[in-house]
Amino acid sequence: MWEFLNYLMNGIVSGSAYVMVALGLTLIFGILEILHFAHGEVYMLGAYFAWTILRVYDVNYLLAVFLSMVIAAVLGVVMEFLCFRPLRGKPLFLPLISAVGLSFFFTDAARILWSPNPEAISTGFNRSIVHIGEFYISQQRILMFTVAVASIVLLYLFIQKTFMGKAMRAASMDLEATALMGINIDVVVSVTFALGSALAAASGALLGPIFVLVPHMGTLVGLKAFVCVILGGFGDVRGTILAGFLIGLTESLTVGYVDSQLKDASTFAVLILVLLVRPSGLFGTKAGKFY
8 MWEFLNYLMN GIVSGSAYVM VALGLTLIFG ILEILHFAHG EVYMLGAYFA WTILRVYDVN
68 YLLAVFLSMV IAAVLGVVME FLCFRPLRGK PLFLPLISAV GLSFFFTDAA RILWSPNPEA
128 ISTGFNRSIV HIGEFYISQQ RILMFTVAVA SIVLLYLFIQ KTFMGKAMRA ASMDLEATAL
188 MGINIDVVVS VTFALGSALA AASGALLGPI FVLVPHMGTL VGLKAFVCVI LGGFGDVRGT
248 ILAGFLIGLT ESLTVGYVDS QLKDASTFAV LILVLLVRPS GLFGTKAGKF Y
């Protein structure tokens, strides 16, 4: 019983990290219908940003997480302006190639700027363990889950209640019609990239103390985030959230009751099984629309 609860909680925490990365992909695809293959590297950079801020300035860990989100948001705006905006309206394979190039660039840049050797973020949260009976969980994992839930709620409120959120919803339905209504599409897209990048960076900064930091750490996480987006239905925020937690739980239970070496394989096995039954994803939302 206790063992199952431990695996269950680990899966929920992992799932919350995947959700935060995948939500950015969903928002970007919902508006521009591009596959941002460099998004996993933004997750990686968020972890390194937090590690650098803590090491150089010795500030509060939560402040370091926030600052890494701000830096990543600015980076997202710059990426959109330099690498994706000039390709808007062009064949879809061009922004795809641009994103793949960015992915390699960020990975190599991290290897040069920091180190190919593993690094670790040390925090008091990760050293503090909460236990009830034989159930154990670090405060870092609780923080990860709490921030993820708060991010989901705040993102929902932002999309539903604010003018910019409504503009993003309109753009996801019809980009050209939204522009004809007088809404500045460039601003909407920039805000979308900023939000998505900040969420990915937060996930990296929060998982950094749990795992080690390496330049290629974003590659697999990025692929799993894409699995969440595909499972949930392209552009479907609710489906992406559900898929993220499903993947996290699947991996954790596979590690606990099957074989730890099959952890990553289980993610793609779930993808194949779901697509065989529901090719449009769990919710089957039409691509390009999120609510």
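For the record, in the sequence shown the residue sitting at position 179 is 186 according to our numbering, with numbers rising by one throughout.
All residues carry an ideal CB built from backbone N, CA and C; glycine is no exception.
Query, Result
"Is there contact between the segment 45-61 and the segment 208-216, where contact requires at least three CB pairs shorter than 8 Å?", "yes"
"Which residue or residues does DSSP assign as beta-bridge partners of TYR143?", "HIS138"
"Going by DSSP, which residues form a beta bridge with LEU220?", "GLU126"
"Compute the distance between the beta-carbons of VAL195 and ALA178, then report whether it is under 8 Å.", "yes"
"State whether the segment 21-39 contacts the segment 230-238, with contact taken as three or more CB pairs (one from each stretch) at a distance under 8 Å.", "yes"
"Would you be able to state if there are at least three C-beta pairs under 8 Å between the segment 217-233 and the segment 104-118?", "yes"
"Is the beta carbon of ILE144 closer than 8 Å to that of MET8?", "no"
"What would DSSP say about ALA155, mapped onto helix, strand or coil?", "helix"
"Leaving out the 5 sequence neighbours to the left and right, which residues in its chain are closer than 8 Å to SER1 when beta-carbon positions are compared?", "Because residue 1 is not part of the residues shown, which for the chain are 8 to 298, the question remains open."
"Short check: CB of GLY37 to CB of SER204, under 8 Å?", "no"
"Determine the DSSP secondary structure at MET188, reduced to helix, strand or coil.", "coil"
"Give me, in chain order, the residues of the same chain whose beta-carbon lies closer than 8 Å to that of VAL35; leave out the 5 immediate sequence neighbours on both sides.", "Sequence check: residue 35 is Ile here, not Val. ILE41, HIS43, HIS46, THR199, PHE200 and GLY203."
"Where do the N-terminal and C-terminal ends of the alpha helix (DSSP H) with ASP266 fall, by residue?", "Neither: ASP266 is in no alpha helix (DSSP H) and is coded neither H nor E."
"Select from VAL66, VAL63 and MET76 the residue whose C-alpha is nearest the C-alpha of ALA54.", "MET76"
"Along the chain, where does the alpha helix (DSSP H) that runs through THR169 open and close?", "Run containing THR169: none; DSSP gives neither H nor E here."
"In the DSSP assignment, find the unbroken alpha helix (DSSP H) run with GLY31 in it and report its ends.", "9-39"
"For VAL156, which residues in the same chain have their Cβ closer than 8 Å to its Cβ, ignoring the five residues on either side in sequence?", "SER23"
"Specify the secondary structure class of LEU289 as computed by DSSP and reduced to three states.", "coil"
"Which of the three DSSP states, helix, strand or coil, is assigned to VAL77?", "helix"
"I need the DSSP call for HIS46, collapsed to helix, strand or coil.", "helix"
"ASP193 by DSSP, collapsed to three states: which one?", "helix"
"Compare the Cα-Cα distances from GLY239 to each of LEU227, ARG285 and THR261 and report the closest residue.", "ARG285"
"Give the DSSP-derived three-state secondary structure of ASN67 in the structure shown.", "coil"
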